[in-house]
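Following: one structure in structure tokens, then a few remarks.
Numbering (our numbering), first residue to last: 887 to 948.
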């Protein structure tokens, strides 16, 4: 069985980017946040590989 990929919380992403949760959710509404999965309890998770790809894309777009 394959090992599950690490998942990040919104707090993890905000901490790594040094942004507020408000900024993160504004980006989400604008479609500028990394791909996220909503859990049954309403919390969001971001696959580490999705975050890394999204972040790399930011530097390539600049």
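All residues carry an ideal CB built from backbone N, CA and C; glycine is no exception. Here the structure is a predicted model, which is why all the values come from computation and not from measurement.
Residue 920 counts as buried, since at least 16 other C-beta atoms from the protein chains shown sit within 10 angstroms of its C-beta. Judged by their CB atoms, residue 930 and residue 896 are nearer to each other than the 8 Å cut-off. DSSP places residue 933 in the uninterrupted beta strand (DSSP E) bounded by 930-933. Looking at the DSSP output, residue 924 bridges to 930.
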